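Asker: Next up is a structure, given as structure tokens.
Residue numbers (this note's numbering), protein chains in the order written: chain R, 22 to 349; chain A, 22 to 349.
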């Protein structure tokens with residue numbers, strides 16, 4: 022028998038009223054790709070749309086968790102409620118190890134106005150492209166004012182997730198080591214604010230010059246946003262209030278330029294497309310007979326058919342159900 | 022007027038005969054998502070299926086390029102023809118910077134039996150999941166015996182690409198720094214062979230113990246492959262022949278266990294699905310009226326409709342073309 026608390030409208034109402042356990046339950050439903058998500062999302066959608074979403078990304082070792090923690094404190098000092106979603110590049114095979122949660126929750130364990138959750142980067146219905154906007158929507162509907170999305174990896178998916186935020190802060194360290202160099206091309210270009218963390222290390226001025234040179238090469242139309250460069254020492258809190266100020270300025274610009282609406286529409290586009298494609302992907306495997314993905318792929322692997330012809334057959338079977346050969 | 026050399030059968034025949042310029046042209050067609058790919062793939066498919074595909078992955082700084090170079094030399098010493106495909110995490114916005122190519126080609130510039138190519142990790146029709154198997158097929162049809170796929174990033178996509186290989190070598194460095202820790206969960210589990218490179222550094226024995234402990238925790242059925250651990254100093258060539266031997270042993274196991282066929286079928290499945298999904302994704306944006314992705318996503322962003330209902334409407338429009346409300 023279902024208890025009333027597991028009923029979708031009830032669960033959403035409780036999360037909206039600030040109950041952290043109901044919110045945690047909602048996020049778990051999203052993580053698990055629960056069939057109840059449909060009814061949950063129907064309830065959540067009208068309640069969301071108010072929170073500011075800030076993405077934090079950068080190579081491992083740049084100090085993302087420390088900066089995130091410092092931002093949580095700064096926003097709490099303003100009286101704002103803060104949600105944190107950390108995307109972990111955990112195993113695609115064994116599910117997410119949520120160690121980070123347990124360690125970091127200790128700082129804010131007694132604060133009902135802070136919610137921290139890790140999410141593994143695999144295993145979601147429709148992938149992170151669908152799950153991330155859903156978790157954002159859940160935190161938003163639970164009346165968090167600021168939602169920080171922290172990505173840990175430096176791959177393409179992480180760049181895409183970070184770019185779902187309203188504002189993206191990209192962290193680098195002075196001198197930029199190998200790994201930052203490797204990731205640079207992908208992550209530097211999505212920055213709305215650059216943060217040179219660990220600014221007590223040598224080569225800060227050189228790193229500022231490097232970033233400025235790179236920015237100078239980017240074409241901008243009048244009225245476009247130019248990413249500012251902030252130096253921080255997150256462990257001591259140095260520079261964090263300046264960072265908060267720059268994020269504030271970006272938020273105002275998003276509003277005045279109309280860019281906020283465009284970014285949110287883009288995020289919704291990715292989400293809806295990911296959900297639809299995920300449904301189509303699973304339908305591909307369930308088609309009857311020789312038009313299903315498995316038998317077609319076997320023929321491709323054996324060189325009997327080329328992949329484009331196989332994809333065509335698959336599309337025909339998906340979109341009208343008629344077996345190949347019966348087309349007019 | 023099209024010249025005869027740009028004709029698909031002619032181009033494929035020349036690449037098959039060992040002409041590097043024709044092969045380079047084929048890879049460019051794949052990179053560009055050329056409409057001519059259909060006819061090219063039809064010609065290539067029957068010629069492929071012979072090459073051994075070896076994936077190399079690991080965190081930045083583990084020495085992947087040096088190990089790749091050492092493997093190229095080792096296989097060349099056996100008289101084998103070697104193709105290298107390096108997946109670069111280059112910008113999603115400005116396209117691929119192929120600097121790596123130019124630097125590394127110098128070692129093998131005069132050797133027609135070595136082909137090295139970088140590929141950006143974005144911007145391909147159907148994504149890397151479709152482009153990588155196509156480039157593998159092109160190199161295979163051009164009679165390369167061994168194809169090395171080197172991935173540079175440490176994200177989820179890189180793990181997926183590496184796991185398209187017949188054999189996957191995962192590189193770590195002694196002591197395992199932050200970045201390897203971060204990537205560990207995702208990449209260690211796809212390893213068929215572990216390579217501890219830079220084995221002249223301290224903590225090699227500890228790293229071997231760590232990997233062994235991790236392997237001991239993995240359940241294996243009788244007859245399953247247990248990933249061996251090889252130590253190398255790729256700059257001097259130390260350990261490379263042992264690595265080649267372990268890869269050889271894995272190749273034999275793939276054959277005797279039937280796993281090779283399963284991996285190749287899985288690769289073809291990803292490829293065909295990616296091509297079909299890509300076609301569906303672009304169709305989503307072109308649907309007429311309010312059922313297209315854009316207008317539906319706008320309604321989701323404004324909270325007027327939930328994402329699942331939007332995805333349902335989109336699927337209806339995609340699969341039967343009937344406008345919503347006209348269903349029986």
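The C-beta atom is built at its ideal place from N, Cα and C for all residues, glycine as well. Everything numeric in this text was worked out from a predicted model, so none of it was measured.
Please classify residue 158 of chain A: is it buried, with 16 or more other beta-carbons within 10 angstroms of its beta-carbon, or exposed?
Answerer: Buried is the call here.
Asker: Kindly give me the distance between the Cβ atoms of residue 253 of chain A and residue 264 of chain A, rounded to whole angstroms, as I take these residues to be in contact under 8 Å.
Answerer: Correct: roughly 6 Å between the Cβ atoms.
Asker: How do the region 65 to 77 of chain R and the region 228 to 245 of chain R stand: do at least 3 beta-carbon pairs fall below 8 Å, yes or no?
Answerer: No, because fewer than three Cβ pairs between the region 65 to 77 of chain R and the region 228 to 245 of chain R fall closer than 8 Å, the two stretches do not touch.
Asker: What span of residues does the alpha helix (DSSP H) with residue 9 of chain A cover, start to end?
Answerer: Not covered by the structure: residue 9 of chain A. The range shown for chain A is 22 to 349.
Asker: For the region 176 to 193 of chain A against the region 74 to 90 of chain A, are there 3 or more C-beta pairs whose distance is under 8 Å?
Answerer: Yes, since at least three Cβ pairs between the region 176 to 193 of chain A and the region 74 to 90 of chain A fall closer than 8 Å, the two stretches touch.
Asker: Counting only Cβ-Cβ distances shorter than 8 Å, please list the residues of the region 29 to 59 of chain R near chain A, keeping chain order.
Answerer: Within the region 29 to 59 of chain R, the residues whose Cβ lies closer than 8 Å to some Cβ of chain A are 58 and 59, listed in chain order.
Asker: What number of angstroms, rounded off, separates the C-alpha of residue 97 of chain R from the C-alpha of residue 69 of chain R?
Answerer: In a straight line, the C-alpha of residue 97 of chain R is about 21 Å away from that of residue 69 of chain R.
Asker: Kindly indicate which residue of A/153, A/92, A/294 and A/313 has the alpha-carbon position closest to the one of residue 319 of chain R.
Answerer: The shortest C-alpha separation from residue 319 of chain R is found at A/294.
Asker: Closest to residue 78 of chain R by C-alpha separation, out of R/269, R/66, R/329 and R/213, would be which residue?
Answerer: Closest option to residue 78 of chain R, Cα to Cα, is R/213.
Asker: Does the separation of the CB atoms of residue 135 of chain R and residue 167 of chain R fall below 8 Å?
Answerer: No, the Cβ-Cβ distance between residue 135 of chain R and residue 167 of chain R is not below 8 Å.
Asker: Residue 83 of chain A and residue 194 of chain A: beta carbons closer than 8 Å?
Answerer: Yes, the Cβ-Cβ distance between residue 83 of chain A and residue 194 of chain A is below 8 Å.
Asker: I'd like to know if residue 292 of chain R contacts chain A, where contact means its C-beta is closer than 8 Å to some C-beta of that chain.
Answerer: Interface residue, yes.
Asker: Quick one: what's got a C-beta closer than 7 Å to residue 57 of chain R's C-beta in the same chain, skipping five residues either side?
Answerer: For residue 57 of chain R, where only same-chain residues beyond five positions count, the Cβ hits under 7 Å are 29 and 50.
Asker: Using a cut-off of 8 Å between C-beta atoms, extract the partners of residue 223 of chain A located in chain R.
Answerer: Result: empty, since nearest Cβ-Cβ is about 19 Å, beyond 8 Å.
Asker: For residue 209 of chain R, tell me which candidate among R/181, R/220 and R/223 has the shortest Cα-Cα distance.
Answerer: Considering only alpha carbons, the answer is R/181.
Asker: Apart from the five residues just before and just after residue 339 of chain R, which ones in its own chain have a Cβ nearer than 8 Å to its Cβ?
Answerer: Contacts found: 301, 304, 305 and 308.
Asker: Apart from the five residues just before and just after residue 326 of chain A, which ones in its own chain have a Cβ nearer than 6 Å to its Cβ?
Answerer: Result list for residue 326 of chain A: 320, in chain order.
Asker: From the DSSP output, in three-state form, read off residue 38 of chain A for me.
Answerer: Here residue 38 of chain A sits in coil by DSSP.
Asker: Within 10 angstroms of its Cβ, does residue 269 of chain R collect 16 or more other Cβ (buried), or is it exposed?
Answerer: Exposed is the call here.
Asker: Look at residue 60 of chain A and residue 324 of chain R and say whether their C-beta atoms are less than 8 Å apart.
Answerer: Cβ atoms of residue 60 of chain A and residue 324 of chain R: not closer than 8 Å.
Asker: When you compare only the Cα positions, how much space is there between residue 283 of chain A and residue 272 of chain A?
Answerer: Each residue's Cα considered, the two are about 13 Å apart.
Asker: Please classify residue 102 of chain R as buried or exposed, where buried requires at least 16 neighbouring CB atoms within 10 angstroms.
Answerer: Per the 10 Å Cβ criterion, buried.
Asker: So which of R/217, R/149 and R/297 has the shortest CA-CA distance to residue 107 of chain R?
Answerer: Looking at the Cα atoms, R/149 is the closest of the given residues.
Asker: What's the call for residue 278 of chain R, buried or exposed, on a 16-neighbour Cβ count within 10 Å?
Answerer: Looking at its Cβ environment, which holds fewer than 16 other Cβ atoms inside 10 Å, residue 278 of chain R is exposed.
Asker: Is it buried or exposed for residue 248 of chain R, if we count other Cβ within 10 angstroms and need 16 for buried?
Answerer: Classification of residue 248 of chain R: buried, given that the 10 Å Cβ count is 16 or more.
Asker: Taking the alpha carbon of residue 37 of chain R as the reference point, which residue from R/161, R/316 and R/275 has its own alpha carbon closest?
Answerer: Residue 37 of chain R has its Cα closest to that of R/161, out of R/161, R/316 and R/275.
Asker: Listed in chain order, which residues of the region 183 to 195 of chain A have Cβ atoms closer than 7 Å to some Cβ of chain R?
Answerer: Answer set for the region 183 to 195 of chain A: empty.
Asker: By a C-beta neighbour count over all protein chains shown, 10 Å radius and 16 as the cutoff for buried, is residue 328 of chain R buried or exposed?
Answerer: With 16 or more other Cβ atoms within 10 Å, it is buried.
Asker: Could you check where the alpha helix (DSSP H) with residue 140 of chain R kicks off and where it finishes?
Answerer: Segment 135 to 141 is the beta strand (DSSP E) holding residue 140 of chain R; no alpha helix (DSSP H) there.
Asker: Specify the secondary structure class of residue 349 of chain R as computed by DSSP and reduced to three states.
Answerer: In this predicted model, residue 349 of chain R has a pLDDT of only 36, less than 50, meaning its place in the structure is not dependable; the value taken from the coordinates is given anyway. The answer is coil: DSSP assigns residue 349 of chain R none of H, G, I, E or B.
Asker: Check for me: the beta strand (DSSP E) holding residue 190 of chain R runs from which residue to which?
Answerer: First-last of the beta strand (DSSP E) with residue 190 of chain R: 188 to 193.
Asker: Identify whether residue 100 of chain A lies in helix, strand or coil by the three-state DSSP scheme.
Answerer: Three-state DSSP puts residue 100 of chain A in coil, outside helix and strand.
Asker: With burial defined as no fewer than 16 other Cβ atoms inside 10 Å of the residue's Cβ, what is the status of residue 32 of chain A: buried or exposed?
Answerer: Classification of residue 32 of chain A: buried, given that the 10 Å Cβ count is 16 or more.
Asker: From the DSSP output, in three-state form, read off residue 259 of chain A for me.
Answerer: Here residue 259 of chain A sits in strand by DSSP.
Asker: Less than 8 Å between the CB atoms is what I'm expecting for residue 220 of chain R and residue 91 of chain R, so what's the real figure, rounded?
Answerer: Not confirmed; about 13 Å, so no contact.
Asker: Closer than 7 Å by beta-carbon distance: list the chain B residues that pair up with residue 67 of chain A, in chain order.
Answerer: In summary, chain B is missing from the structure at hand, where the protein chains are R and A.
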